[in-house]
Amino acid sequence: MKTLLALLLLPAGFALAQATPEPAAPASPDPAKPLATRAEYSACLDKAEALQANRKALEVRRAAYDEGIATLQADMTAHADAGNSIDDSKKGRLASYNARGAELNGRRIRLASDATQLGKDLEDHNRRSNELKTQCGGMKVSPEDRDAVQAERAKKK
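Counting from -1, one number per residue, gives the positions in the sequence shown under the working numbering.
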């Protein structure tokens, strides 16, 4: 049963095995690149904040998934142990055991689906993170524009 449990949870683990990559070092500013406008700089800051919030949400979902997997593993182990002591001649206990097995299988399917969606969302997050790096990495901003944008953003908070 433990081997079966491991095989059932393996696809979910693969979907989540890819962690968010380490942030790359910021690109060095291109000397030929013109200064960014306040709007461009502000847009990059907005995108970076949205990505940070998205990352936190993904981390919360991952923690909930990990907790769900741990609970399921414990429940499946207890279920397998309970199965060793069931008398096949007692139909009521066997039916109850089988119903519990079906419930556990349903939880496993839901967790596998959650893992697949979380993997897709993580890929999307990584794609958007790379887009932000490409668009905003190495951006040159004048000190005046930087200070003005930061002052505007501080007023909004």
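All C-beta atoms, glycine included, are put in the ideal place defined by N, C-alpha and C.
For Asp119, the uninterrupted alpha helix (DSSP H) segment begins and ends at Lys89 to Cys134.
Ser40 sits in a helix when the DSSP states are folded into three classes.
A check of alpha carbon separations from Met74 across Leu56, Asn103 and Asp119 identifies Asn103 as the nearest. With respect to Arg105, Leu70 sits close: the two C-beta atoms are nearer than 7 Å. Taking C-beta separations shorter than 7 Å and ignoring five residues to either side along the sequence, the partners of Ala34 in its chain run Met137, Lys138 and Val139, following chain order.
Non-local C-beta neighbours of Asp122 in its own chain, meaning closer than 8 Å and more than five positions away in sequence, are absent. In the structure shown, Leu56 adopts helical secondary structure according to DSSP, grouped into three states.
Just measuring C-alpha positions, the residue of Gln50, Glu47, Val58 and Arg91 sitting nearest His77 is Arg91. A residue is called buried when at least 16 other Cβ atoms come within 10 angstroms of its Cβ; Ile84 does not meet this threshold and is exposed. Gly66 places its beta carbon less than 7 Å from that of Leu109. In the displayed model, Pro32 falls within coil according to three-state DSSP, outside both helix and strand. In the DSSP annotation of this structure, the continuous segment of the alpha helix (DSSP H) that includes Val147 starts and ends at Pro141 to Lys154. Shown here, Met74 sits in a helix according to DSSP, grouped into three states.
Pairing Asn96 with Ala80, the inter-Cα distance amounts to about 11 Å.
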